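J.: Every number in the working numbering is 38 more than the matching position in the sequence shown, counting from 1.
Virtual Cβ for every residue (Gly too), placed ideally from N, Cα, C.
Remember, predicted model here, so these are calculated numbers, not experimental data.
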Amino acid sequence: MTTSTDADGFAHVEGGGESLDRRDLLVIAVVLLLAVAVRIVFSRGIFSPDETNYLRNAAAWLADRFVLKDALFLHDTRPLMFVPVAWSFAAWGVSEMTALMWPFMASVGVVVGVYLTSRRLLGREAAGYAALCAAFFPLLAQESTRLLPGVVMNLLTALCVLFFVISEQARRRRWLWLAASGAAYGAIQSAGELGIVLGLLFLAAVIMWRRYSLWSYWPAVAGFLGVTLLIALYYWAETGTPLFKIELSKNVYEQVRTVAPHQPLYYSRLLLKPLAGGGGVFYLAGIGCLAALFDRRRAALFIALWIAMTFALLEFGSISLTEYRPLSKEVRYFSVVSVPMVILAGYGVLWIRRVATRWQRGGGGVFSTGIVVAVFVLVALTSIITLHSQRERVRDQRTNLVKLRDHVRRYEGRPIYVTHWLWNTKVGYFMRFEEEYLPSGYDPYHAVHLESADSTSMNRYVQTLKPGEPMGPGLLVHDERLFEISQGETESWSIGRGEIPEVLARIPSEWRLVDRVTISERFVLALYDIPEGAVWPADGEH
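(1) Return the CA-CA distance between residue 342 and residue 75, expressed in angstroms with no decimal places.
(2) I'd like the span of the alpha helix (DSSP H) that includes residue 552, first residue to last.
(3) Would you report the Cα separation of residue 268 and residue 260, rounded to the nearest angstrom?
(4) Does the distance from the C-beta atom of residue 222 to that of residue 264 stay below 9 Å?
(5) Please list the segments of the alpha helix (DSSP H) lying wholly inside the region 160-209, counting only runs of 4 or more residues, in order along the chain.
(6) Is any heavy atom in the ligand ATP found nearer than 8 Å to the beta carbon of residue 244?
(7) Based on Cα-Cα distance, which residue from 302, 566 and 390 lies nearest to residue 546?
(8) On a Cα-Cα basis, can you pick out the residue from 162, 102, 120 and 132 that is closest to residue 604?
(9) Using 9 Å as the threshold, is the C-beta distance between residue 79 and residue 165 below it?
(10) Starting from residue 512, follow its DSSP beta bridges and name the residues at the other end.
(11) Using a Cβ-Cβ cut-off of 7 Å (strictly less than) and excluding sequence neighbours within five positions of residue 249, which residues of its own chain qualify?
(12) Cβ of residue 138 within 9 Å of Cβ of residue 229?
(13) Once you ignore the five residues that flank residue 556 on each side, which residues in its own chain have a CB closer than 6 Å to its CB?
(14) Check the C-beta distance from residue 348 over to residue 239 and give it rounded, since I have them as a contact under 8 Å.
(15) By the 10 Å Cβ neighbour count, where 16 or more other Cβ atoms means buried, how is residue 246 classified, buried or exposed?
(16) Can you tell me which residues form a DSSP beta bridge with residue 562?
(17) Given a cut-off of 9 Å on the beta-carbon distance, is the pair residue 510 and residue 564 in contact?
(18) What does the Cβ neighbour count give for residue 131, buried or exposed, with the cut at 16 atoms within 10 Å?
(19) Could you give the C-beta distance for residue 583 and residue 144, rounded to a whole number, given that I count them as a contact under 8 Å?
(20) Mind checking whether residue 317 and residue 141 have CB atoms under 9 Å apart?
(21) Could you tell me the alpha carbon to alpha carbon distance between residue 375 and residue 382, rounded to whole angstroms?
(22) So residue 441 is in the alpha helix (DSSP H); what residue range does that whole segment cover?
(23) Using DSSP's beta-bridge definition, name the partner residues of residue 454.
(24) Taking all protein chains shown into account, decide if residue 517 is buried (16 or more other Cβ within 10 angstroms of its Cβ) or exposed.
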């Protein structure tokens with residue numbers, strides 16, 4: 039096998055690829071051990087409504103009762119988020135641990151994909167640094183023990199980029215690698231819709247960075263269209279329309295169009311506060327970006343361009359093409375930049391080492407090695423502090439959810455009314471092992487949604503608020519913080535199949551406040567004891 043290097047320092051490998059040697063395998067093994075340890079120590083567990091949706095779908099798929107045409111949410115159209123979980127359930131039983139095996143393995147796979155991609159783009163040393171950054175990067179580690187689409191999208195992104203880079207270096211079978219890259223990109227839509235939009239930015243970066251004519255990339259387009267066609271055929275077979283997801287997305291947009299409050303420069307502030315999400319990796323990526331500009335390293339500039347466009351979309355993008363509706367912003371949404379971020383961070387560490395080597399006088403590289411060790415000590419510390427604080431925050435939320443569940447238990451036999459559908463899923467999930475609350479043979483993963491439950495299951499414990507109807511004795515779970523946000527946006531806020539009525543601001547004085555449970559900054563639950571004979575007033579009544 040022979041190699042040649044062009045004027046930009048980009049290695050072309052005869053035969054379509056460069057095999058790994060023992061040093062590469064040793065680095066990968068050590069980094070994977072670190073990555074696994076970090077993810078196990080700082081595991082977070084399932085607690086969000088999105089995750090319980092995927093659990094419900096996984097159990098339904100396992101029991102061969104999943105019906106796509108009954109989908110209420112986009113979560114139901116993401117098979118890569120629940121089919122592998124169903125397989126895990128089938129192999130090792132139903133538990134939180136088996137549900138999390140898929141995202142855990144996906145997160146570890148991202149680390150390997152980052153190393154292999156960096157190895158080809160920037161060399162072995164930068165690849166080792168990038169993989170270490172990926173091992174500790176909080177945005178990757180925190181989702182490894184949660185059932186969320188970010189880590190799966192990152193795995194597919196890593197594969198898409200790796201196959202593309204291999205195709206750029208390959209002398210033979212380039213079309214095959216391009217097709218695989220396009221197929222990996224197409225599969226992202228089965229994990230999360232945002233990945234497709236961000237993938238377009240990757241394509242924009244490719245167009246500016248490419249080494250061949252645009253026509254030569256047709257296999258990648260074919261790979262993407264092939265996977266998309268298969269997905270459309272699946273929708274057609276299950277629902278009667280190949281555009282089912284698009285039609286569902288329109289309904290979802292109408293439901294969530296007022297949810298996201300405007301948060302200007304949210305991610306810009308996040309980048310300046312490493313303990314809020316990214317540890318020291320954010321700063322290293324910034325150094326890598328500057329190094330790419332100074333060195334005019336074409337491969338690094340390609341990654342920097344990709345990050346810049348992705349950042350701009352997340353920060354300033356809109357969920358509508360006809361009106362400006364800012365994208366909802368959360369720390370975990372920023373995890374989609376993980377792959378290019380850690381690759382560029384690895385290049386930043388390489389640049390720091392080279393600068394330190396120029397400064398040292400003798401010492402046989404001890405000074406530059408010490409600088410690199412110090413850098414990673416800081417990265418590890420900031421990442422560990424970030425992961426620890428996030429884990430404690432989640433533990434507090436889970437503790438409060440158990441507190442909410444305990445309140446529900448005291449109302450055994452009486453209805454529980456909720457003012458937002460997600461509390462159906464949360465209460466249902468945290469009651470999943472309370473056998474005295476569940477009928478014989480009841481499957482909590484299937485019926486955590488009120489809409490899919492019958493009168494013998496969760497309707498007994500969780501009911502949707504219905505203004506104007508008799509309430510009787512029971513418990514009201516009212517999300518005060520969410521109501522404040524909704525009222526600040528519109529007069530009536532659409533949620534699921536109902537609306538938060540305006541009268542919630544005037545809860546009858548005879549309803550006793552049982553407790554106020556703070557789940558998070560966005561969710562503050564007020565629990566009211568509804569007296570016997572009470573009737574919930576319709577909107578507009580005083």
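T.: Taking the definition as stated:
(1) 30 Å
(2) Run containing residue 552: none in the alpha helix (DSSP H); it sits in the beta strand (DSSP E), 550-556.
(3) 12 Å
(4) no
(5) 162-174, 176-179 and 187-207
(6) With respect to small molecules bound, the structure shown includes none, and the ligand ATP cannot be examined in it.
(7) 566
(8) There is simply no residue 604 to check, as the chain begins at 39 and stops at 580 in what is shown.
(9) no
(10) 568
(11) 206
(12) no
(13) 562
(14) 5 Å
(15) exposed
(16) 556
(17) no
(18) exposed
(19) An answer regarding residue 583 cannot be provided, because it is not within the stretch 39 to 580 covered by the chain.
(20) no
(21) 11 Å
(22) 404-448
(23) 513
(24) buried
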